[in-house]
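Student:
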Amino acid sequence: MRRSITITIIAAALLAASCTRVTIPEGGKIYLSATLHDPQLAKSPFEGTAPSPATPLSTIVLASTTRYNYPNTGLDGTNDNGDVAVHAPARFQSSTSQLLSGALYHPEKKPTVYFTSLHPQAGWDITPTSATFQFNGSQDVMFAPETTGSYDSNPMPHLTYHHLLTCLKVKIGAESEDVSVAWGKIRNITIKSENGITVALDKDYTYDGCVSIGSNTTDMPFYRAGSDTGISEGEGLDIPYPLDKVQYSCYTICAPVEAAKYDEVEYNLSGNIIRIPEYHITITSDNRTITVPVDLRVANEDYYEGSTHGKLFTLNLSFLMGSNIAVSATVSDWETGGTGSGDINEDTPAPTTLNYSKK
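For the sequence shown, the numbering used here puts the final residue at 379, and the numbers step up evenly by one.
1) How many angstroms separate the CA atom of residue 84 from the CA atom of residue 134?
2) On a CA-only basis, which of 250, 122 and 104 is nearest residue 129? Give me that one, please.
3) Considering only the beta carbon of each residue, do residue 179 and residue 168 sit closer than 8 Å?
4) Return the bridge partner residues of residue 169 from the DSSP annotation.
5) Over what stretch of residues does the beta strand (DSSP E) that includes residue 150 continue unbroken?
6) Which runs of the beta strand (DSSP E) at least 3 residues long sit entirely within the region 225 to 292? Give them in chain order.
7) Is residue 196 close to the ligand HEM? I mean its beta-carbon at under 7 Å from any heavy atom of the ligand.
8) Going by alpha carbons, who is nearest to residue 127 out of 100, 145 and 151?
9) Verify whether the separation of the beta carbon atoms of residue 334 and residue 210 is less than 8 Å.
10) Less than 8 Å between the CB atoms is what I'm expecting for residue 307 and residue 204, so what's the real figure, rounded?
11) Specify, as a first and last residue, the run of the beta strand (DSSP E) that residue 190 falls within.
12) Distance check for residue 136 and residue 193, CA to CA, integer angstroms please.
13) Spatial neighbours of residue 242 within its chain, please: CB distance less than 6 Å, with the 5 preceding and 5 following residues excluded, ordered by chain position.
14) With distance defined between alpha-carbon atoms, name the residue in 124, 87 and 79 nearest to residue 109.
15) How about residue 223 and residue 90: do their beta carbons lie closer than 8 Å?
16) Figure out for me which residue from 296, 310 and 278 has the closest Cα to the Cα of residue 331.
17) My understanding is that residue 275 touches residue 213, with C-beta atoms under 8 Å, so please give their C-beta distance in whole angstroms.
18) Could you compute how far the alpha carbon of residue 225 sits from the alpha carbon of residue 263?
19) Grab the span of the alpha helix (DSSP H) containing residue 199 for me, first residue to last.
20) What is the C-beta distance between residue 155 and residue 233, in whole angstroms, given that I count them as a contact (C-beta under 8 Å)?
21) What does a CB cutoff of less than 6 Å around residue 356 pick up in its chain, not counting 5 residues either side in sequence?
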């Protein structure tokens, strides 16, 4: 199931106009209300079920009277034709209606106004037909496909936000104090990931048809739980013990990948099944560094196949005696989902395995 955030745009009546601009009374402005339908969004600012002063939701809403075209020329609906072409920031701090500045419905021309929206609010390079964002691992990048509204429109328009990236949450724990001491503090965790994404605004939305991931691969950092502070900043992470003390320690939001069961070219040539890990995670502690290949499985023990976008994976890293880390994982569409387990050896790491099931 795709989880989403729904924003309702409400346009009240617009009254009398001058020859070039409409004079808008207080009751004629556009208001938006926001509800977070998923309490498990990737970061602490979005863990509640509704925005609040402590957990605001900041977006940028693109409004235009030309379908699939979103320039930012300042046209706000008050000229003779009711033309709209604006990018309006919206910061929600409650689930009640809040004013959207910069755009209005013309009360006489009553044009159709098209809306789309992006999160985070800042950092996008937006043209009339595309939006590009460079992410750093701490942002839950989302897109709300085009919807419409007009003066006296019924039903009211809705913006539904889709998660565009993949979220990995990490829980860590050691089986004993000796193991925790042997590894020392975790100083950094990174993942190989691209860091750019572009969304097409000029067509009907499908993920494959509208979203493209850049080709610049980087060591994407993990961040401390509930914050934008990287693990490498300040003091390292202690490895709690024993294993029943395992706790959620860090996360990253990285580029999605298309998971394959195995290397089909190699199989066709030689008949040998070569597994292809979806991700590689590098863990650096005071005393050791290990790179962990992550390969995904489905509930029937077959290997997971398909895009990881919009999925939330929880990796449980259990540090054991010797050079082993036991790894288990869960995955979902930002909803509690499947289970899995696997062992990783420091010298000859085996792939993480994952069982996947949907509710």
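Just so you know, even glycine gets a beta-carbon here, dropped at the ideal spot from N, CA and C. Small disclaimer: the values here were computed from a predicted structure and weren't measured.
Tutor: In short:
1) Sequence index remark: in the sequence shown, residue 84 carries index 64 (1-based). Sequence index remark: in the sequence shown, residue 134 carries index 114 (1-based). Those two C-alpha atoms are separated by around 5 Å.
2) Numbered from 1 along the sequence shown, position 109 holds the residue referred to as residue 129. Nearest of 250, 122 and 104 to residue 129, Cα basis: 104.
3) As a working mapping, residue 179 is identified with position 159 in the sequence shown. As a working mapping, residue 168 is identified with position 148 in the sequence shown. Cβ distance not < 8 Å, so residue 179 and residue 168 don't count as in contact.
4) Working through the sequence shown from its first residue, we reach residue 169 at position 149. For residue 169, the pairing in a beta bridge is given by DSSP as 133.
5) Translated into positions along the sequence shown, residue 150 becomes position 130. That run of the beta strand (DSSP E) goes 150 to 154.
6) The region 225 to 292 contains these whole beta strand (DSSP E) runs: 231 to 233, 237 to 241 and 267 to 274.
7) In terms of ligand content, the structure shown is empty, and the ligand HEM therefore cannot be addressed.
8) Counted from its first residue, the sequence shown places residue 127 at position 107. When only C-alpha atoms are compared, the closest one is 100.
9) Position 314 of the sequence shown holds residue 334. Position 190 of the sequence shown holds residue 210. In this structure, residue 210 does not lie closer than 8 Å to residue 334 by Cβ.
10) Position 287 of the sequence shown, counting from 1, holds the residue named residue 307. Position 184 of the sequence shown, counting from 1, holds the residue named residue 204. The beta carbons of residue 307 and residue 204 sit about 5 Å from each other, so the pair counts as a contact at 8 Å.
11) As a working mapping, residue 190 is identified with position 170 in the sequence shown. Unbroken beta strand (DSSP E) run through residue 190: 186 to 194.
12) One-based indexing of the sequence shown puts residue 193 at position 173. One-based indexing of the sequence shown puts residue 136 at position 116. Using only the alpha carbons, I get a separation of about 43 Å.
13) Looking up residue 242 in the sequence shown gives position 222. These residues qualify, in order along the chain: 209, 251, 270 and 272.
14) The count along the sequence shown starts at 1 and reaches residue 109 at position 89. Minimum Cα distance to residue 109 is reached at 79.
15) Stepping through the sequence shown from its first residue, residue 223 is reached at position 203. Stepping through the sequence shown from its first residue, residue 90 is reached at position 70. No, the pair does not count as a contact, with Cβ atoms beyond the cut-off.
16) The sequence position of residue 331 within the sequence shown is 311, counting from 1. With distances taken between Cα atoms, residue 331 lies closest to 278.
17) Looking up residue 275 in the sequence shown gives position 255. Looking up residue 213 in the sequence shown gives position 193. Distance from residue 275 to residue 213 at the Cβ level is roughly 5 Å; contact confirmed, criterion being Cβ atoms closer than 8 Å.
18) On the sequence shown, position 205 is the one that residue 225 refers to. On the sequence shown, position 243 is the one that residue 263 refers to. When rounded, the distance between both Cα atoms is 44 Å.
19) Translated into positions along the sequence shown, residue 199 becomes position 179. Per DSSP, residue 199 belongs to the alpha helix (DSSP H) from 197 to 203.
20) Position 135 of the sequence shown, counted from the start, is the residue given in the question as residue 155. Position 213 of the sequence shown, counted from the start, is the residue given in the question as residue 233. In this structure residue 155 does not touch residue 233 by the C-beta definition: roughly 10 Å separates them, more than the 8 Å allowed.
21) If you number the sequence shown from 1, residue 356 lands on position 336. Because residue 356 sits at a pLDDT of 29, beneath the cut-off of 50, its placement in the model cannot be relied upon, and the following sentence gives the value as read from the coordinates. There are no such residues.
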